[in-house]
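Enquirer: These protein sequences, in sequence, are chains G and H. Residue 9 is where the first sequence starts when you use my numbering, and the numbers rise one by one after that. Residue 52 is where the second sequence starts when you use my numbering, and the numbers rise one by one after that. A virtual CB, placed ideally from N, CA and C, is assigned to each residue, including glycine. Computed from a predicted structure; not experimentally measured.
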Amino acid sequence: MSKPALNSEKLRSKLKLKHLTTRTTLLAHHPHVAKFLASSALAGTLLLTPGQSTPTFAALPASSISQTSSFDLHQHLADRLKEILPGQVQPLTADQESQISQTLHDIYGIHATAQLEGNHLNTSYGLIGAEQHLMRYPGDVVANMAPGRGAWGYFAPSKEALTPDLVEKEKYYAVVQTLYLPDWTTRLSYLRDWYKFRKVLIVNTQTGKAIVASIADSGPAAWTGKHYGGSPEVMAYLGLNVGKQKGPVVLFFVDDPADQIPLGPLEYNLENPPLLTHG
Amino acid sequence: MAKTFLDHLIILEEITSELDVYDLPSDEREEIVGLINHTTHQHILNVILNHLPKEHHENFLTKYQAAPHDPELLAFLKKEIKSDIESEIRIQAKKIKAEILSEIKKSKR
Numbered sequence: 009m010s011k012p013a014l015n016s017e018k019l020r021s022k023l024k025l026k027h028l029t030t031r032t033t034l035l036a037h038h039p040h041v042a043k044f045l046a047s048s049a050l051a052g053t054l055l056l057t058p059g060q061s062t063p064t065f066a067a068l069p070a071s072s073i074s075q076t077s078s079f080d081l082h083q084h085l086a087d088r089l090k091e092i093l094p095g096q097v098q099p100l101t102a103d104q105e106s107q108i109s110q111t112l113h114d115i116y117g118i119h120a121t122a123q124l125e126g127n128h129l130n131t132s133y134g135l136i137g138a139e140q141h142l143m144r145y146p147g148d149v150v151a152n153m154a155p156g157r158g159a160w161g162y163f164a165p166s167k168e169a170l171t172p173d174l175v176e177k178e179k180y181y182a183v184v185q186t187l188y189l190p191d192w193t194t195r196l197s198y199l200r201d202w203y204k205f206r207k208v209l210i211v212n213t214q215t216g217k218a219i220v221a222s223i224a225d226s227g228p229a230a231w232t233g234k235h236y237g238g239s240p241e242v243m244a245y246l247g248l249n250v251g252k253q254k255g256p257v258v259l260f261f262v263d264d265p266a267d268q269i270p271l272g273p274l275e276y277n278l279e280n281p282p283l284l285t286h287g
Numbered sequence: 052m053a054k055t056f057l058d059h060l061i062i063l064e065e066i067t068s069e070l071d072v073y074d075l076p077s078d079e080r081e082e083i084v085g086l087i088n089h090t091t092h093q094h095i096l097n098v099i100l101n102h103l104p105k106e107h108h109e110n111f112l113t114k115y116q117a118a119p120h121d122p123e124l125l126a127f128l129k130k131e132i133k134s135d136i137e138s139e140i141r142i143q144a145k146k147i148k149a150e151i152l153s154e155i156k157k158s159k160r
C-alpha cells in the first residue's frame, strides 16, 4: 500500500514563516543574542547566520527569495493606496477595504482586514495621534508617561511579573475608539476581551510604512478630531512624531490566531522573506 | 544539526515519525526536518532567556557557544532560574511541536 502524499511546498513555506517569526521574536526580545550568531557552534544549533549555507536552505527555490528592499515595499504600498483611498480620511467601503487587504497581503504577506470575527471599528481610515507611554505595573516610571493606566489596566501586577512579551506590547501599542463602538456597552464583556492586546496593522498612507501594534488603550476623544493613537515608538517608526504629531493611517486587524507575527515594524514580505540564510 | 543539551527535553521523534507516514523524497524530508529543528531550538532559547536573569545571559550564551551538548548547561539553568525551567522547556516544546504537527497534517494532499 502506497504512502499518502504531502504538499511539501506548502509545508516548507509554512515552516519557513514559522522559523523566521521565531527568530525575529528571539532577536526582538534578546538582541544581544545576535552577536553570538557569528559563532559557528551556536549558529549550527540554533540560528542560521550570514554566510552560512546549509543544504536545508540552499534547497529553497529561487522564487522564495525576495530581493525587494523595504523602501521598495513602502513605496509600492503608498502608490497603491493612493489609487484606492479617497482624498480625505473617512470610513471606507467594503470594496475599498477588500482591495487594501489584498494589497497588504500581496506586498507584505500579511493577512489584515478591516473586519475580523465580525468586529469592525467605526473607521479603518483615520488620523492617528501621538500617545505617551502607559504605566506597565504599579510604580512604573519612565519618561513621557501618561498619568493614568490604560483602559485595560496595568500590563502586569508587578515589575517582577512584567514579561518581555508585555514589554513589547506596551512599546508598540495602539489606541482605538472602542468607547464609540455602537455595541460597546451592550456587549462590553465580550468586546473588552476581544480588543485587549488585539494586533493591528497601522500603515502611514503617505509613506507606506507599516507597523504591527497591540491595542492597549481606548481613545482618543472624538473632539480631538483623531481616530487612533500610537505609542512613541509606533509614531516614530511611522514618521508621525514630528510637527503636529498626527497623520492619516489605515488601521486593520491582523489575522494571527497562532500569535506568530511579532509586534513592530514590518519591513519584508512575511511569506516571501528576504534571504533566509542571512541574518 | 549539532546535538544540544536540550535534545532530550524537546524530543522531535514524534514529528519525524509523522513525516515518515508520507511519501516524501529524502532531500525534502531532510530540509523540512532541518527547519523544524532550528525553529524549535530558537523558540526554546527564547523561553530560556525570558526566564534567565539578564546578568546570566552572557555567561550562558558563551557556555552554550563553546559546548552546546554539555549537560552542565541544564544544571546551570536550574541553579539560576527560580521556576522549574525543565518543565517549562518540556511544555513549550510540546506546544510548538503540536503547532508543527498541525501544519504537517494540514499539508496532506
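Would you report the Cα separation of PRO94/G and ILE147/H, rounded to the nearest angstrom?
Expert: Reading the first sequence from its first residue, position 86 is the one you call residue 94/G. Reading the second sequence from its first residue, position 96 is the one you call residue 147/H. Cα-Cα distance, rounded: 43 Å.
Enquirer: Grab the span of the alpha helix (DSSP H) containing TYR203/G for me, first residue to last.
Expert: Locating residue 203/G in the first sequence gives position 195, counting from the first residue. Taken as a continuous stretch (DSSP letters only), the alpha helix (DSSP H) holding TYR203/G covers 196-203.
Enquirer: Rounded to the nearest angstrom, what separates HIS120/H and GLU105/G at their Cα positions?
Expert: Locating residue 120/H in the second sequence gives position 69, counting from the first residue. Locating residue 105/G in the first sequence gives position 97, counting from the first residue. Each residue's alpha carbon lies about 51 Å from the other.
Enquirer: Report buried or exposed for ALA66/G, applying the criterion of at least 16 other Cβ atoms within 10 angstroms of its Cβ.
Expert: Position 58 of the first sequence, counted from the first residue, corresponds to residue 66/G. In this prediction, ALA66/G has a pLDDT of 27, which is less than 50 and means its spatial position is unreliable; nothing more can be read from the coordinates.
Enquirer: Quick one: grab the DSSP three-state call for HIS59/H.
Expert: Taking the first residue of the second sequence as 1, we reach residue 59/H at position 8. HIS59/H: helix per DSSP, three-state reduction.
Enquirer: For the beta strand (DSSP E) that LEU84/H lies in, which residues bound it at each end?
Expert: Position 33 of the second sequence holds residue 84/H. Note that residue 84/H is Val in the sequence shown, not Leu. From DSSP, VAL84/H is part of no beta strand (DSSP E) but of the alpha helix (DSSP H) over 77-102.
Enquirer: From what residue to what residue does the beta strand (DSSP E) around GLN211/G run?
Expert: Residue mapping note: residue 211/G aligns to position 203 of the first sequence, counting from 1. Before going further, note that residue 211/G is Val rather than Gln in the sequence given. From DSSP, the beta strand (DSSP E) with VAL211/G extends over 207-212.
Enquirer: Examine the ligand NAD and report whether any of its heavy atoms sits within less than 7 Å of the Cβ of THR111/G.
Expert: Within the structure as shown, the ligand NAD is missing, as the structure has no ligands at all.
Enquirer: Leaving out the 5 sequence neighbours to the left and right, which residues in its chain are closer than 7 Å to HIS128/G when beta-carbon positions are compared?
Expert: As a position in the first sequence, residue 128/G is number 120, starting the count at 1. Closer than 7 Å at Cβ, skipping near neighbours: ALA122.
Enquirer: Closer than 9 Å by beta-carbon distance: list the chain H residues that pair up with ALA13/G, in chain order.
Expert: Against the first sequence, residue 13/G aligns to sequence position 5. Here the neighbours are TYR73, ASP74, LEU75, LYS159 and ARG160.
Enquirer: For a cutoff of 8 Å on Cβ pairs, would you count LEU112/H as touching chain G?
Expert: Working through the second sequence from its first residue, we reach residue 112/H at position 61. At least one chain G Cβ lies under 8 Å of LEU112/H.
Enquirer: Return helix, strand or coil for GLN110/G, following the three-state DSSP convention.
Expert: Numbered from 1 along the first sequence, position 102 holds the residue referred to as residue 110/G. Looking at GLN110/G - three-state DSSP - the assignment turns out to be helix.
Enquirer: What is the rounded straight-line gap between the Cα of PRO63/G and the Cα of SER77/H?
Expert: Along the first sequence, read from residue 1 onward, the residue named residue 63/G stands at position 55. Along the second sequence, read from residue 1 onward, the residue named residue 77/H stands at position 26. Confidence at PRO63/G is low in this model, with a pLDDT of 29, below 50, so the placement of that residue should be treated as unreliable; the coordinate-derived value is given next. Taking the straight line from one Cα to the other gives about 12 Å.
Enquirer: Roughly how many angstroms lie between the CA atoms of GLU168/G and SER138/H, to the nearest whole one?
Expert: Looking up residue 168/G in the first sequence gives position 160. Looking up residue 138/H in the second sequence gives position 87. C-alpha separation (whole angstroms): 20 Å.
Enquirer: Going by DSSP, what residue range makes up the beta strand (DSSP E) through ILE92/G?
Expert: Counted from its first residue, the first sequence places residue 92/G at position 84. Element bounds for ILE92/G: not the beta strand (DSSP E) but the alpha helix (DSSP H), 78-92.
Enquirer: Drop a sphere of 10 angstroms on the beta-carbon of VAL149/G, count the other beta-carbons inside from all chains shown, and report buried for 16 or more, exposed for fewer.
Expert: On the first sequence, residue 149/G is found 141 positions in, with the first residue counted as 1. Exposed.
Enquirer: So, is the C-beta of ILE269/G closer than 8 Å to a C-beta in chain H?
Expert: Taking the first sequence and counting its residues from 1, one reaches residue 269/G at position 261. No, its Cβ sits nowhere closer than 8 Å to a Cβ of chain H.
Enquirer: Over the uninterrupted alpha helix (DSSP H) stretch that includes ALA117/H, give me the two end residues.
Expert: Taking the second sequence and counting its residues from 1, one reaches residue 117/H at position 66. Unbroken alpha helix (DSSP H) run through ALA117/H: 108-117.
Enquirer: Does the segment 167-184 of chain G come within contact of the segment 222-242 of chain G, defined as at least 3 CB pairs closer than 8 Å?
Expert: The segment 167-184 of chain G, when compared against the segment 222-242 of chain G, does touch it at the 8 Å Cβ threshold.
Enquirer: Residues in the same chain with beta-carbon distance under 8 Å from MET153/G, minus the five sequence neighbours each way, listed in chain order, please.
Expert: Locating residue 153/G in the first sequence gives position 145, where the first residue counts as 1. Correct list, in chain order: GLN140, HIS141, LEU142 and MET143.
Enquirer: Could you check where the beta strand (DSSP E) with ASP225/G kicks off and where it finishes?
Expert: Translated into positions along the first sequence, residue 225/G becomes position 217. It spans 218-226 - the beta strand (DSSP E) in which ASP225/G sits, taken as one unbroken run.
Enquirer: Measuring only the C-alpha atoms, how far is ALA36/G from ASN97/H?
Expert: Translated into the one-based positions of the first sequence, residue 36/G becomes position 28. Translated into the one-based positions of the second sequence, residue 97/H becomes position 46. Spanning the two alpha carbons is a distance of roughly 10 Å.
Enquirer: With which residues is ALA138/G paired in a DSSP beta bridge?
Expert: Along the first sequence, one-based indexing puts residue 138/G at 130. Partner(s): GLY238/G.
Enquirer: Between the Cα of ASP87/G and those of ASP264/G, THR33/G, ALA102/G and LEU112/G, spot the shortest distance and give me the residue it belongs to.
Expert: Sequence index remark: in the first sequence, residue 87/G carries index 79 (1-based). ASP87/G has its Cα closest to that of LEU112/G, out of ASP264/G, THR33/G, ALA102/G and LEU112/G.
Enquirer: Going by alpha carbons, who is nearest to LEU25/G out of HIS89/H, ILE62/H, ASP71/H and HIS59/H?
Expert: Indexing the first sequence from 1 puts residue 25/G at position 17. Ranking the options by Cα distance to LEU25/G, first place goes to HIS89/H.
Enquirer: What first and last residue would you give for the alpha helix (DSSP H) that runs through PRO172/G?
Expert: Your numbering for residue 172/G matches position 164 in the first sequence. It spans 172-179 - the alpha helix (DSSP H) in which PRO172/G sits, taken as one unbroken run.
Enquirer: Below 8 Å, how does it come out for the segment 249-257 of chain G and the segment 266-279 of chain G: are there three or more Cβ pairs, yes or no?
Expert: The segment 249-257 of chain G, when compared against the segment 266-279 of chain G, does not touch it at the 8 Å Cβ threshold.
Enquirer: Give, in chain order, every residue of the segment 83-100 of chain H whose Cβ lies closer than 8 Å to some Cβ of chain G.
Expert: Within the segment 83-100 of chain H, the qualifying residues are ILE83, GLY85, LEU86, ILE87, HIS89, THR90, HIS92, GLN93, HIS94, LEU96, ASN97 and LEU100.
Enquirer: Let's see if you can read the secondary structure: which residues bound the alpha helix (DSSP H) around LYS129/H?
Expert: Working through the second sequence from its first residue, we reach residue 129/H at position 78. It spans 123-131 - the alpha helix (DSSP H) in which LYS129/H sits, taken as one unbroken run.
Enquirer: For ALA273/G, which residues does DSSP report across the bridge?
Expert: The residue labelled residue 273/G in the question sits at position 265 within the first sequence. The sequence shown places Pro at residue 273/G, rather than the Ala named in the question. ILE219/G, per the DSSP bridge assignment.
Enquirer: Just checking my contact of ALA138/G with ASP225/G at CB under 8 Å: how many whole Å lie between their CB atoms?
Expert: The count along the first sequence starts at 1 and reaches residue 138/G at position 130. The count along the first sequence starts at 1 and reaches residue 225/G at position 217. 13 Å between Cβ atoms; not a contact.
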